[in-house]
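Novice: Under the numbering used here, the first residue of the sequence shown carries the number 1265, and numbering increases by one thereafter. We put the CB at the ideal spot given by N, CA and C, even for glycine. Here the structure is a predicted model, which means the values were calculated and not measured.
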Amino acid sequence: MPSKGRSGSVTLTIESLDAEALLRSLPERATGLVFSAVRDWTASERRVRSARLTTLREPEDGAWAELVVEMQVDATTEEALHLWDTLARRVDDAKRRLEPEERAALDAGLAFHLHWASREE
């Protein structure tokens, strides 16, 4: 995702070599389409403050790992839920353009999380 600027989009910070390796293991075309949709969404949504790419691992299953895009948003809980709905629609729309194998790889290995700080609601 491009640097935050006039367009309003944010930089996606890759938190670790583990996250980078997991990103490379996913189908490039699929991640490109989904990240493009997310980039377009962040460009139009000024409440997104930061984004980072990290990993989630299951301690009891060393083979399982998921790539997670975590975004910090400036929103109330109600606004954050609305933002989540619009982000999920964008991601789902992009995934509909993928081959079934690509979609399955992203469904198994890529997640999005929104975090928000409670401001006056």
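When you compare only the Cα positions, how much space is there between Ala1243 and Leu1290?
Specialist: Because residue 1243 is not part of the residues shown, which for the chain are 1265 to 1385, the question remains open.
Novice: Is the beta carbon of Arg1316 sitting closer than 8 Å to the one on Glu1279?
Specialist: It is a contact, given that the beta carbons lie within the stated cut-off.
Novice: When you compare only the Cα positions, how much space is there between Ala1339 and Ala1352?
Specialist: The straight-line gap from Cα to Cα measures roughly 17 Å.
Novice: Would you report the Cα separation of Ala1307 and Glu1322, rounded to the nearest angstrom?
Specialist: If I take the Cα positions, the gap works out to 33 Å.
Novice: Round the Cβ separation of Leu1286 and Ala1329 to the nearest angstrom and send it over; I've been treating them as touching at under 8 Å.
Specialist: 6 Å between Cβ atoms; contact.
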